[in-house]
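In the UniProt record's numbering, the protein residues as written are 1 to 200. Down below is the structure, laid out as structure tokens.
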């Protein structure tokens, strides 16, 4: 959808109001009507621009996407890890964090989590590795690693990961992500220490 300057401003206002509502009120209690009122627009505009509350939630998360453009594959792991860790350490993750807490027991919320991580990780990686026959396996491993990190540190708060400083997490996460993206997937554990492109 092409946006005029006026409609773009309304869309930004809706996203800002939605982000604040999801973070302070929670996903369940937030309504299209209350978000529209906070944004100063009619509720029909929220539906017009975003379709549903679920799609609006995904848009608020993707609007601050922690994933850089895939770009050069050889340093993607490091770039991804830094932005991902910094994103989840920020206070603006209250809304996504709340959704992740209830997702295991609510199938509809789990579908939203899937949509968020598809938007932030799977879609750009699929585009960058369109000719790689292992692209779906790589995407699955990247998403599993990202979700596992968030649950371990921010939801379950398992030690010692929960207490490690971000600077210690970034290089460890970077190596794992890089291996999933460019490493040889069929090597047994401990083999192929070189995490180069692995597909030459």
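The C-beta atom is built at its ideal place from N, Cα and C for all residues, glycine as well.
Residue environment, residue i, which counts as buried when at least 16 other CB atoms sit within 10 Å
i: residue 71; result: exposed
i: residue 30; result: buried
i: residue 42; result: exposed
i: residue 17; result: buried
i: residue 4; result: exposed
i: residue 163; result: exposed
i: residue 60; result: buried
i: residue 105; result: exposed
i: residue 33; result: exposed
i: residue 8; result: exposed
i: residue 193; result: The predicted model places residue 193 with a pLDDT of 48, which falls under 50 and marks its position as unreliable, so this point remains unresolved.
i: residue 172; result: exposed
i: residue 11; result: buried
Own chain partners of residue i with C-beta closer than 7 Å, once the 5 adjacent residues on each side are dropped
i: residue 146; result: 84, 117 and 121
i: residue 22; result: 30, 57, 60 and 95
i: residue 150; result: 88 and 100
i: residue 48; result: none
i: residue 143; result: 117, 121 and 122
i: residue 52; result: none
Contact set for residue i: own chain, Cβ-Cβ below 6 Å, skip 5 residues either direction
i: residue 169; result: 85
i: residue 19; result: 60
i: residue 166; result: 85 and 89
i: residue 199; result: The predicted model places residue 199 with a pLDDT of 46, which falls under 50 and marks its position as unreliable; any figure quoted below should be read in that light. If we look at residue 199 and ignore the five residues flanking it on each side, it has no Cβ neighbours.
i: residue 161; result: 152 and 153
i: residue 129; result: 135
8 Å Cβ cutoff met for residue i and residue j
i: residue 40; j: residue 174; result: no
i: residue 58; j: residue 157; result: no
i: residue 138; j: residue 181; result: yes
i: residue 46; j: residue 36; result: yes
i: residue 185; j: residue 134; result: yes
i: residue 124; j: residue 55; result: no
i: residue 177; j: residue 80; result: yes
Beta-carbon contacts of residue i that lie in its chain and below 8 Å, excluding the five residues immediately before and after
i: residue 13; result: 39, 40 and 41
i: residue 103; result: 109, 110, 112 and 113
i: residue 82; result: 170 and 174
At 4 residues or longer, what runs of the alpha helix (DSSP H) sit wholly inside the segment 63-148? For secondary structure counted as the alpha helix (DSSP H) over 4 or more consecutive residues, the segment 63-148 holds these complete runs in sequence order: 76-89, 94-102, 107-117 and 123-128.
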